[in-house]
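In the order they appear, the protein sequences are chains A and B. If you count the first sequence from 1, position 210 lands on 210 in the working numbering, and the numbers rise without skipping. If you count the second sequence from 1, position 248 lands on 532 in the working numbering, and the numbers rise without skipping. Cβ atoms here follow ideal geometry from the backbone N, Cα and C, with glycine treated the same way.
There are 2 protein chains.
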Amino acid sequence: MSVLMKGADVANAMKEVLINKVEALKEEGTVPCLTIVRVGNRPDDLAYERGAKKRMEMTGITCRVLELPEKITQSEFEEEFRKVNDDPAVHGILLFRPLPKQLDEEPIKAMIHPEKDMDCMSPVNVAKVFAGDETGYAPCTAEAVMEMLDYYDIDPKGKNVTVVGRSMVVGKPLSMMLLKRHATITVCHTRTVNLMEICRGAEILVAAAGKARMITADMVGEGAVVADVGINVDEAGNLCGDVDFDAVEPKASYISPVPRGVGSITTSVLAKHVVRAAERASGK
Amino acid sequence: MSVLMKGADVANAMKEVLINKVEALKEEGTVPCLTIVRVGNRPDDLAYERGAKKRMEMTGITCRVLELPEKITQSEFEEEFRKVNDDPAVHGILLFRPLPKQLDEEPIKAMIHPEKDMDCMSPVNVAKVFAGDETGYAPCTAEAVMEMLDYYDIDPKGKNVTVVGRSMVVGKPLSMMLLKRHATITVCHTRTVNLMEICRGAEILVAAAGKARMITADMVGEGAVVADVGINVDEAGNLCGDVDFDAVEPKASYISPVPRGVGSITTSVLAKHVVRAAERASGK
Numbered sequence: 001m002s003v004l005m006k007g008a009d010v011a012n013a014m015k016e017v018l019i020n021k022v023e024a025l026k027e028e029g030t031v032p033c034l035t036i037v038r039v040g041n042r043p044d045d046l047a048y049e050r051g052a053k054k055r056m057e058m059t060g061i062t063c064r065v066l067e068l069p070e071k072i073t074q075s076e077f078e079e080e081f082r083k084v085n086d087d088p089a090v091h092g093i094l095l096f097r098p099l100p101k102q103l104d105e106e107p108i109k110a111m112i113h114p115e116k117d118m119d120c121m122s123p124v125n126v127a128k129v130f131a132g133d134e135t136g137y138a139p140c141t142a143e144a145v146m147e148m149l150d151y152y153d154i155d156p157k158g159k160n161v162t163v164v165g166r167s168m169v170v171g172k173p174l175s176m177m178l179l180k181r182h183a184t185i186t187v188c189h190t191r192t193v194n195l196m197e198i199c200r201g202a203e204i205l206v207a208a209a210g211k212a213r214m215i216t217a218d219m220v221g222e223g224a225v226v227a228d229v230g231i232n233v234d235e236a237g238n239l240c241g242d243v244d245f246d247a248v249e250p251k252a253s254y255i256s257p258v259p260r261g262v263g264s265i266t267t268s269v270l271a272k273h274v275v276r277a278a279e280r281a282s283g284k
Numbered sequence: 285m286s287v288l289m290k291g292a293d294v295a296n297a298m299k300e301v302l303i304n305k306v307e308a309l310k311e312e313g314t315v316p317c318l319t320i321v322r323v324g325n326r327p328d329d330l331a332y333e334r335g336a337k338k339r340m341e342m343t344g345i346t347c348r349v350l351e352l353p354e355k356i357t358q359s360e361f362e363e364e365f366r367k368v369n370d371d372p373a374v375h376g377i378l379l380f381r382p383l384p385k386q387l388d389e390e391p392i393k394a395m396i397h398p399e400k401d402m403d404c405m406s407p408v409n410v411a412k413v414f415a416g417d418e419t420g421y422a423p424c425t426a427e428a429v430m431e432m433l434d435y436y437d438i439d440p441k442g443k444n445v446t447v448v449g450r451s452m453v454v455g456k457p458l459s460m461m462l463l464k465r466h467a468t469i470t471v472c473h474t475r476t477v478n479l480m481e482i483c484r485g486a487e488i489l490v491a492a493a494g495k496a497r498m499i500t501a502d503m504v505g506e507g508a509v510v511a512d513v514g515i516n517v518d519e520a521g522n523l524c525g526d527v528d529f530d531a532v533e534p535k536a537s538y539i540s541p542v543p544r545g546v547g548s549i550t551t552s553v554l555a556k557h558v559v560r561a562a563e564r565a566s567g568k
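So this is what it looks like as structure tokens:
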């Protein structure tokens with residue numbers, strides 16, 4: 001029998017802590033505020049936005065949305081972004097990416113104040129995650145995995161941890177966060193030759209490849225911790241992770257489901273970042 | 285019999301290419317120029333400076349040295365640094381680190397123009413190395429290992445590569461560079477539990493831990509490629525690497541010595557960076 005790592009349990013524990021911090025901030029006159037910047041109306045963005053707004057509301061954080069037209073020009077976009085960036089009432093910014101193709105992300109990465117950059121766009125935050133400097137803001141999804149491991153008292157120190165996937169949103173930053181916590185990390189990807197063997201040797205296996213049910217039972221060692229970061233839609237139209245859950249579950253000691261796993265923690269990490277940004281802005 | 289990977293052979297091959305590029309630049313009126321910024325007179329810095337000056341001279345690059353007193357204040361240091369940073373004749377800057385303890389490196393990291401930052405101080409370059417974006421400048425020592433592998437036609441693609449050491453100078457950036465080249469990477473360190481077993485499974489083993497002769501023969505798989513980045517002084521006062529060379533050499537297919545291995549390539553990488561910076565400054 002494996003332990004099911006439920007995102008909601010992690011998120012609820014985080015919520016308690018955050019509510020207290022937000023109250024303390026408000027007593028001192030600071031209302032933590034997130035601004036979501038969305039260009040166009042992509043369904044994925046809208047779904048995440050609904051979840052984020054609900055989560056901010058739940059914790060007492062003000063959440064504004066700056067909605068911009070899909071066909072906005074670079075200079076108009078930069079002008080709008082700059083206003084939010086320079087607004088002292090805004091503590092954190094989340095910009096949905098990718099941007100429409102007429103927009104260049106690079107000047108925005110350079111422009112966003114690192115202390116308002118809640119999801120690791122700014123090179124200053126990217127460099128900090130790489131260096132293991134925890135004063136920055138890591139990508140929310142990568143950090144959600146760390147929150148999950150912490151909640152279930154799974155210490156990566158000295159463990160062999162295999163991360164499947166090398167994106168800048170999950171695989172790479174998560175590897176660096178695990179390394180900071182003294183895990184021995186292995187990063188696998190599409191060009192990895194002996195993937196089965198490597199995965200099977202992992203004490204903690206993180207699937208972040210974005211390929212439906214690619215982690216099969218024969219790729220998982222007996223008693224491994226399995227965290228699934230994938231969010232895919234299978235051929236039958238069902239939401240599923242990168243892990244073949246039903247087959248892998250009996251072998252794992254801990255396993256996260258999809259949906260209701262890691263993905264349910266990301267907005268809590270976002271809220272945590274906004275609270276931290278507000279604390280810092282208020283001199284805490 | 286293993287192939288000895290000699291730094292001088294790699295450096296010589298690089299020199300030919302660089303000399304041609306420098307000549308082409310000079311014909312168009314651009315004289316590539318490096319400024320080394322040194323605070324105090326640390327013997328390590330002076331030794332590296334001599335090697336760097338010689339290498340720049342050899343390739344036709346102008347090399348200036350800004351020598352600053354060890355007890356310089358932060359504001360004086362920043363003023364001097366800013367002059368070099370803003371001098372259009374200077375294409376590249378190398379600042380020796382660590383700085384004396386009264387000086388704070390952070391404002392300098394933020395100040396240095398990324399396009400003049402030859403050894404990956406700026407967060408912009410750090411973030412690029414992390415992301416696998418090759419338009420930046422990686423740390424010279426990490427890149428020296430890549431130059432060595434390339435020279436000996438060792439393609440890391442799909443290989444199991446183990447890097448022992450997780451510094452921001454070698455271990456981490458090199459891991460990202462190998463990942464970009466499609467290696468499956470494992471990063472080990474002092475907290476790694478089963479180091480011997482993990483190292484033995486590596487097809488390419490990079491020792492960058494800074495511990496004299498810690499990689500022993502039983503840690504190396506038959507036919508492995510072994511690159512030694514360590515520079516240590518043993519108890520008898522001799523220079524040695526992280527690899528127990530005499531014991532490991534018979535098992536390796538390729539192995540780099542210390543001295544005269546990876547360390548002999550770093551100033552060539554520095555020269556390559558200066559040439560690239562000069563090319564870009566001149567609009568190439």
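Nearest-angstrom Cα separation, counted from residue j out to residue i
| i | j | result |
| --- | --- | --- |
| Ala-508 (chain B) | Ala-422 (chain B) | 26 Å |
| Glu-389 (chain B) | Leu-383 (chain B) | 7 Å |
| Ile-168 (chain A) | Glu-235 (chain A) | Before going further, note that residue 168 (chain A) is Met rather than Ile in the sequence given. Spanning the two alpha carbons is a distance of roughly 27 Å. |
| Ala-11 (chain A) | Ile-265 (chain A) | 5 Å |
| Ile-19 (chain A) | Gly-29 (chain A) | 15 Å |
| Asp-133 (chain A) | Ala-308 (chain B) | 42 Å |
| Leu-68 (chain A) | Phe-414 (chain B) | 31 Å |
| Ile-108 (chain A) | Ala-373 (chain B) | 29 Å |
| Val-126 (chain A) | Pro-43 (chain A) | 27 Å |
| Tyr-538 (chain B) | Asp-502 (chain B) | 16 Å |
| Lys-226 (chain A) | Met-1 (chain A) | Lys is not the amino acid found at residue 226 (chain A); the sequence shown has Val there. So the two alpha carbons sit approximately 13 Å from each other. |
| Val-532 (chain B) | Thr-500 (chain B) | 6 Å |
| Ala-331 (chain B) | Thr-59 (chain A) | 57 Å |
| Gly-201 (chain A) | Pro-541 (chain B) | 32 Å |
CB contact check: residue i to chain B, cutoff 8 Å
| i | result |
| --- | --- |
| His-182 (chain A) | yes |
| Pro-98 (chain A) | no |
| Leu-179 (chain A) | yes |
| Phe-130 (chain A) | yes |
| Arg-200 (chain A) | no |
| Thr-62 (chain A) | no |
| Ser-192 (chain A) | Note that residue 192 (chain A) is Thr in the sequence shown, not Ser. Thr-192 (chain A) counts as touching chain B. |
| Met-121 (chain A) | no |
| Val-124 (chain A) | yes |
| Lys-290 (chain A) | Outside the shown range of chain A, which is 1 to 284, sits residue 290 (chain A), and nothing can be said about it. |
| Lys-211 (chain A) | no |
Buried versus exposed call for residue i [16 or more other C-beta atoms within 10 Å across all chains shown]
| i | result |
| --- | --- |
| Ser-459 (chain B) | buried |
| Val-447 (chain B) | buried |
| Asp-526 (chain B) | buried |
| Lys-116 (chain A) | buried |
| Val-65 (chain A) | exposed |
| Lys-305 (chain B) | buried |
| Ala-292 (chain B) | exposed |
| Thr-476 (chain B) | buried |
| Gly-545 (chain B) | buried |
| Ser-406 (chain B) | buried |
| Met-177 (chain A) | buried |
Chain A contact for residue i (CB, 8 Å cutoff)
| i | result |
| --- | --- |
| Val-471 (chain B) | yes |
| Arg-322 (chain B) | no |
| Gly-505 (chain B) | no |
Chain-order list of residues whose beta-carbon lies under 8 Å from that of residue i (same chain, five-residue window excluded)
| i | result |
| --- | --- |
| Val-558 (chain B) | Pro-316, Cys-317, Leu-318, Met-340, Ile-345, His-375, Gly-376 and Met-402 |
| His-277 (chain B) | Here chain B comprises residues numbered 285 to 568, so residue 277 (chain B) is not present and cannot be evaluated. |
| Glu-311 (chain B) | none |
| Pro-259 (chain A) | Ile-231 and Leu-239 |
| Leu-387 (chain B) | Val-323, Ile-356, Gln-358 and Phe-361 |
Residues near residue i in its chain [Cβ-Cβ closer than 6 Å; skip 5 each side]
| i | result |
| --- | --- |
| Glu-143 (chain A) | Val-269 |
| Gly-587 (chain B) | Past the boundaries of the shown model lies residue 587 (chain B); chain B is included only from 285 to 568, so the question cannot be answered. |
| Lys-464 (chain B) | Gly-416 |
Range of the contiguous alpha helix (DSSP H) that encloses residue i
| i | result |
| --- | --- |
| Leu-18 (chain A) | 7-27 |
| Gly-171 (chain A) | 171-180 |
| Leu-103 (chain A) | Unbroken run through Leu-103 (chain A): none, as it is neither H nor E. |
| Ile-482 (chain B) | 479-484 |
| Arg-560 (chain B) | 550-565 |
| Arg-82 (chain A) | 74-86 |
Bounding residues of the beta strand (DSSP E) (the contiguous stretch that carries residue i)
| i | result |
| --- | --- |
| Gly-92 (chain A) | 92-95 |
| Ala-227 (chain A) | 225-228 |
| Cys-120 (chain A) | Per DSSP, Cys-120 (chain A) belongs to no beta strand (DSSP E) and is neither H nor E. |
| Ala-207 (chain A) | 204-207 |
Same chain only: Cβ atoms within 7 Å of residue i, ignoring 5 sequence neighbours per side
| i | result |
| --- | --- |
| Val-368 (chain B) | Thr-319, Val-321, Leu-350, Val-374 and Ile-377 |
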